[in-house]
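Q: If you scroll down you'll find the structure; I have some questions about it.
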Amino acid sequence: MSLAGQYLVLQLLIVLAVLVAVVAISLAQSAATFERVEGRRALAAAEALGNNPAVRSLLPDAQPRVGAALPAVAEAVRTLSGSSQVALAKLDRTVVASSDPGLLGGKLDIGASRVMEGRAWTGVVAESNAAVLSAHVPVLDDAGKMIGIAAISRNYPTTLERLGDAVPNLLTYLGVASVLGVAGSLLLSRRVKRQTLGMEPSEITGLVENREAMLHGLKEGVVALDPNERITVANDSARELLGLPADCVGKKISSLPVDPALKGVLTRDQPDPDQLVLVGERLVVANRVPIRSRGRDIGSVTTLRDRTELSSLERELGATRTATDTLRAQAHEFANQLHVISGLIQIGEYDSVVQFVNGATVDRTRLNDEVTSRIQDPALAALLIAKSSLATERGVALQLDPESALHPVSDELSRDLTTVVGNLVDNAFDAVTGLPDAAVRVLVEEGRDARTGAGQVTVTVRDNGPGVPEKAVEEIFRQGFTTKEVGPADGRGFGLALSLVVCRRSGGDLTVANHNGAVFTARFTRGTTQHKRGAAKP
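Right under this line is the structure:
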């Protein structure tokens, strides 16, 4: 059934319900009107009968079916008043005159009447065949003493009779209501169809179901906001990516536990596509598009893609590039050494060749021993050795502080250390490359947190560059912030933010200070470790 048909049926049902209510009210009103109007007429007729001189004089000595005067007076009053029944009863309620011969000699049924108390009364009396409206009046003699009862009754109209009286009005009401209902349903249907773009309810239901299935089936997150920054749509992927509660729809984004940087991405216009934002430890690509309909702003839709896996692949590629650069630097260094050895052989300086080879071997062995004797975590030791070769090529002196010491750590802490140290050392290289006497020093220490007593690993990376600008100290760990020149599609500004997240995840922190250059201090709470008993401490 079309929307107009549904509205029409609904309107007709409403009209029918109203009509039934009107009928019930009309019947009740007609009954009340009959009792009020006809009760007054019956009471007037009964009073006229009771005050008749012939009735007052003959009633005390009257007998049923004896004499014609009382029946004649009673019938005359009944006829003149248009009543259905009339009766005269003595003080003991014995009927001596009545329009119904069957009542003669019997007791007058007075129901709830108070006429025996000397009071006139009007009300409904249930007789054997039907209910009647009766008026009872006491008959008084000249001395004011009650000598009998005068009763006038009118037949109570049946429900069908009262309904027949109300039919003309009810048909009028029904006709007017039907016309108004049909016109109203058509107008309402047209208005609703304009608002629903001409779709029927079944089409709207199907559209909503398809939209829900599509939204919650997408791997990408989708968040829609209205102009008041209230969430109107958030699919499962978006809730998982952003950590939104299940009942977030309908709430303002400002009332939810969302990082301020993320709130800015969701609520502010985005000049360029694929804006990167750090959500916890995930790197998310956001695209915000304002939505307009019929010339007015109705909110925005932001799509979110988890780039964490891609970022991991980029870091692995970066590690491969670092290894390649390191191998290239070592190849360049070895090529120079081979040229020296070749020249010494050509000029016959064989003793010098042996001395040169021994010296080169000792330098390489000394570097490896210096790192591995102090840093017993293989991953971090390998990282520092690889960075030393890269530092040599870039003209930077990378030094491991002699006070450094680290026992074996858990795999999780090892990954965190390599991530943070790699970022800090690369940033230090960028800061000092090209400077005279460029140097970067790394200090790795073990100890205990003075507040909690838990094991702690502290890494300090110090360079002799220009340091961090004072106004940038508070912003340097904010995601997307960088002091380097970036292109429109560059992903810079997330290394330090991610390092801070990694440190805080382990219960530590990452801070920066300026002291003859930039000094970054990363602290990690040490988890389950694999200490080797008796390991030598440098």
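Throughout the sequence shown, residue numbering follows this note's numbering, covering 188 to 725 in sequence. Ideal Cβ placement from N, Cα and C applies to all residues, glycine included. Note that the coordinates shown come from a computational prediction; the quantities given were computed from them, not determined experimentally.
1) Let me know if Ala259 comes out buried or exposed under the rule of 16 or more other beta-carbons within 10 Å of its beta-carbon.
2) If you follow the beta strand (DSSP E) that Phe711 is part of, which residue opens it and which one closes it?
3) Under 6 Å Cβ to Cβ from Ala584, same chain only, skipping five residues before and after it: list those, please.
4) Could you pull out every residue in the same chain whose Cβ sits closer than 8 Å to the Cβ of Ile528, ignoring the five residues on either side in sequence?
5) Smallest Cα separation from Ala709: which of Asn651, Thr645 and Gly652?
6) If I measure Cβ to Cβ from Leu197 and keep anything under 8 Å in the same chain, skipping five residues before and after, which residues do I get?
7) Curious, which full-length alpha helix (DSSP H) runs of at least 4 residues does the stretch 237-291 contain?
8) Would Tyr343 and Ala318 qualify as a contact pair, given that the criterion is a beta-carbon distance under 8 Å?
9) Grouping DSSP H, G and I as helix and E and B as strand, with all else coil, what is Thr606?
10) At a cut-off of 7 Å, would you count Val608 as near the ligand NAD, judging by its Cβ distance to the nearest heavy atom?
11) Using 8 Å for Cβ pairs, my map puts Leu195 next to Val369. What's the rounded Cβ distance?
12) Taking Cβ to Cβ, would you say Ser686 is nearer than 8 Å to Thr606?
13) Quick check: the Cα distance between Gly570 and Val612, rounded to an integer number of angstroms?
14) Express the C-alpha separation of Arg341 and Arg223 in angstroms, rounding to a whole number.
15) In terms of DSSP beta bridges, what is His628 paired with?
16) Using a Cβ-Cβ cut-off of 7 Å (strictly less than) and excluding sequence neighbours within five positions of Ser424, which residues of its own chain qualify?
17) Using the rule of at least 16 other Cβ atoms within 10 Å of the residue's Cβ for burial, across every protein chain shown, is Lys658 buried or exposed?
18) Throw me the rounded Cβ distance for the Gly298 and Val312 pair, which I believe falls under 8 Å.
19) State yes or no: is the C-beta of Ala284 within less than 8 Å of the C-beta of Leu327?
20) Taking a contact to mean a Cβ-Cβ separation below 8 Å, would you say Asp588 touches Arg628 in this structure?
21) Three-state secondary structure (DSSP) at Leu197?
22) Please tell me whether Leu290 and Leu246 are closer than 8 Å, where the distance is taken between their beta carbons.
23) In this structure, what does DSSP give as the bridge partners for Ser591?
24) Kindly list the residues whose CB is nearer than 7 Å to the CB of Glu225, restricted to its own chain and excluding five residues on each side of it in sequence; keep chain order.
25) Please go through the stretch 389-455 and give each complete alpha helix (DSSP H) segment of 4 or more residues, from N-terminal end onward.
26) Mind the definition here: the stretch 452-463 touches the stretch 410-422 only if three or more C-beta pairs lie below 8 Å; say whether that holds.
27) What residue range is occupied by the uninterrupted alpha helix (DSSP H) comprising Ser576?
28) Drop a sphere of 10 angstroms on the beta-carbon of Arg349, count the other beta-carbons inside from all chains shown, and report buried for 16 or more, exposed for fewer.
29) Can you list, in chain order, the residues of its chain with a C-beta nearer than 6 Å to that of Arg492? Leave out the 5 residues immediately preceding and following it.
30) With H, G and I counted as helix, E and B as strand and the rest as coil, what does DSSP make of Met303?
31) Look up Val210 in the DSSP assignment and say whether it is helix, strand or coil.
32) Going by Cα to Cα distance, which pick from Arg665, Glu632 and Leu622 is closest to Gly160?
33) Run through DSSP, which three-state label would Lys294 get?
34) Which value, in whole angstroms, describes the spacing of the CA atoms of Ser441 and Ala421?
35) Which residue comes first and which comes last in the alpha helix (DSSP H) that contains Val688?
36) Mind checking whether Asp556 and Pro595 have CB atoms under 8 Å apart?
A: Concretely, from the data shown:
1) Result: exposed.
2) Ala705 to Thr712 is the span of the beta strand (DSSP E), which, as asked, contains Phe711.
3) Ala626
4) Non-local C-beta neighbours of Ile528 in its own chain, meaning closer than 8 Å and more than five positions away in sequence, comprise Val540, Phe543 and Val544, ordered along the chain.
5) Thr645
6) Ser372
7) 240-245 and 256-268
8) yes
9) In this structure, Thr606 counts as helix in the three-state DSSP scheme.
10) Looking for the ligand NAD in the displayed structure turns up nothing, as the structure carries no ligands at all.
11) 6 Å
12) yes
13) Note on residue identity: the sequence assigns Leu, not Gly, to residue 570. Approximately 10 Å, taken between the alpha carbons.
14) Taking the straight line joining both Cα atoms gives about 12 Å.
15) Note that residue 628 is Arg in the sequence shown, not His. Answer is Gln586 and Arg649.
16) Leu405, Lys406, Glu407 and Gly408
17) exposed
18) 4 Å
19) no
20) yes
21) helix
22) no
23) In the DSSP output, where bridge partners are listed per residue, Ser591 has none listed.
24) Leu320 and Arg341
25) 423-429 and 447-454
26) With the rule of 3 Cβ pairs closer than 8 Å, the stretch 452-463 counts as touching the stretch 410-422.
27) Pro565 to Glu580
28) Buried.
29) Glu407 and Val472
30) helix
31) helix
32) In the structure as shown, the chain starts at 188 and stops at 725, and residue 160 therefore has no counterpart that could be examined.
33) strand
34) 15 Å
35) First-last of the alpha helix (DSSP H) with Val688: Gly682 to Arg692.
36) no
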